[in-house]
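Undergrad:
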Amino acid sequence: MKIATWNINGVKARLETTLTWLKETAPDVACLQEIKSMDEKFPSGPFEDLGYNVITHGQKGFNGVAILSKTPLENVTRRLPGDEEDEQARYIESTISTPTGAVRVACLYLPNGNPIDTPKFPYKLAWMQRLEARVRELLADEMPLVVAGDYNVIPMPEDARRPEAWTGDALFQPESRTAYRRLLNLGLTDAIRATEPAPETYTFWDYQAGAWQKNDGIRIDHMLLSPQAADRLAHAGIDKETRGWEKPSDHVPVWIELAA
DNA sequence: ATGCCTTGTCGCACAAGA
0 MKIATWNING VKARLETTLT WLKETAPDVA CLQEIKSMDE KFPSGPFEDL
50 GYNVITHGQK GFNGVAILSK TPLENVTRRL PGDEEDEQAR YIESTISTPT
100 GAVRVACLYL PNGNPIDTPK FPYKLAWMQR LEARVRELLA DEMPLVVAGD
150 YNVIPMPEDA RRPEAWTGDA LFQPESRTAY RRLLNLGLTD AIRATEPAPE
200 TYTFWDYQAG AWQKNDGIRI DHMLLSPQAA DRLAHAGIDK ETRGWEKPSD
250 HVPVWIELAA
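In numbering that gives the first Met the number 0, the protein residues as written are 0 to 259.
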């Protein structure tokens, strides 16, 4: 079973690119972030034509997440619990039934948090605290769990080509990194870190200043696995080549393969 | 120090991203 995650930076701008990638890599489940679309405007048809069921949690203009799955999506939860006032569409969860059992998949777009001297940074940290609480609940269910998405956290200096350029940035603040580590310490496995050699393994390259050409990247898109899921982790990878395509997203897909 | 690009928006510049 192949599960992937990709911040596509706009489903309207990236529709053809996303369809091409789905045809080439054929994930069973795809978590998408930054769809930048309201639910009623999301172009589900072309994805359904490829055999996917589609659930979305969108809003106008910004943010927005979606899950595509070749098998039915059950027990859908939209919004991250813990703050009724939070109107930003950044989280969707569903149970995916497969012949070899059910998997709970959470698709998230964690707040960026910049600039750090504005309310955006405490919002990010509060969101991460809510995520930790939610993951605790899900782990208690003991169903295989995959928490995938754009975390907007550079976990370690080796996850950036130029870590010194990110000091003072919300993605690399000690508080952000600690909150990410707290998630891992619940017993989650970072799939890429568990399977890939560390050097120059990135998932995001800025559009500006020739970051892609210089490989000036960061690793901020992650797939975290519960013990029941990690026991089945067979492969993990990054579809880096998509960053070199025409009209690319600034993020690239990350994927895992779970053994039956 | 800032912009460098890119997307979406009731565009004719701006916010937000990371």
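A virtual CB, placed ideally from N, CA and C, is assigned to each residue, including glycine.
Bear in mind that the values here come from a model prediction, so they are computed numbers and not experimental data.
Going by DSSP in three states, W165 sits in which element: helix, strand or coil?
TA: helix
Undergrad: The alpha helix (DSSP H) that contains T177, what's its start and end?
TA: 173-183
Undergrad: For V134, tell me which candidate among L223, G209, E15 has the shortest Cα-Cα distance.
TA: L223
Undergrad: Relative to the C-alpha of K119, which candidate in Q87, L138, R103 has its C-alpha closest?
TA: Q87
Undergrad: Does the Cβ of P110 have 16 or more other Cβ atoms within 10 Å, making it buried, or fewer, making it exposed?
TA: Buried: at least 16 other Cβ atoms inside 10 Å.
Undergrad: Using 8 angstroms as the threshold, is the stretch 158-168 in touch with the stretch 121-139, meaning 3 or more CB pairs across them?
TA: Contact fails: fewer than three Cβ-Cβ distances are below 8 angstroms.
Undergrad: With the cut-off set at 9 angstroms, would you say P143 and Q227 are in Cβ contact?
TA: yes
Undergrad: For the stretch 88-108 and the stretch 147-157, state whether three or more C-beta atom pairs, one from each stretch, are separated by less than 8 angstroms.
TA: yes
Undergrad: Can you find the residues in the same chain that come closer than 6 angstroms, C-beta to C-beta, to P252, ignoring five residues on each side of it along the sequence?
TA: Hits under 6 angstroms: A3, W5, D238.
Undergrad: Starting from Q276, trace the alpha helix (DSSP H) in both directions and tell me its first and last residue.
TA: In the structure as shown, the chain begins at 0 and stops at 259. Residue 276 is therefore absent and cannot be evaluated.
Undergrad: Would a C-beta distance cut-off of 9 angstroms place T76 and E92 closer than the cut-off?
TA: yes
Undergrad: Which one of T241, N52, A125 has the shortest CA to CA distance from E83?
TA: Selected option, being the one with the closest Cα: A125.
Undergrad: Identify every residue that forms a DSSP beta bridge with F203.
TA: I217, H250
Undergrad: Can you check whether the CB of T194 is closer than 9 angstroms to the CB of H234?
TA: yes
Undergrad: With C-beta atoms as the reference, is E131 less than 9 angstroms away from A178?
TA: When the beta-carbon positions are compared, E131 and A178 come within less than 9 angstroms of each other.
Undergrad: Taking just the CA atoms, how far does K59 sit from D38?
TA: 9 angstroms
Undergrad: Under 9 angstroms, do T200 and D158 count as touching if we go by C-beta distance?
TA: yes
Undergrad: For L67, which residues in the same chain have their Cβ closer than 6 angstroms to its Cβ, ignoring the five residues on either side in sequence?
TA: Around L67: A29, F46, Y51, V53.
Undergrad: Taking DSSP as the reference, what is the three-state secondary structure of S68?
TA: strand
Undergrad: For K123, which residues of its own chain have a beta-carbon under 8 angstroms away from its beta-carbon, when the five flanking residues on both sides are left out?
TA: Excluding sequence neighbours, K123 sits near L109, P110, N111, G112, N151, A169, S175.
Undergrad: Start and end of the beta strand (DSSP E) containing S43?
TA: Unbroken run through S43 is the alpha helix (DSSP H), 43-48; no beta strand (DSSP E).
Undergrad: Do you know how far the Cα of D116 is from the Cα of K22?
TA: 43 angstroms
Undergrad: On the DSSP bridge assignment, give the partners of W5 in chain order.
TA: L31
Undergrad: So who's on the other strand from D189, going by DSSP bridges?
TA: Within the DSSP bridge table, the entry for D189 names L223 as partners.
Undergrad: Could you work out which residue in A65, E73, L72 is closest to R89 when comparing CA atoms only?
TA: A65
Undergrad: Cα-Cα, which of A208, G81, R242 is closest to R129?
TA: Ranking A208, G81, R242 by Cα distance to R129 puts G81 first.
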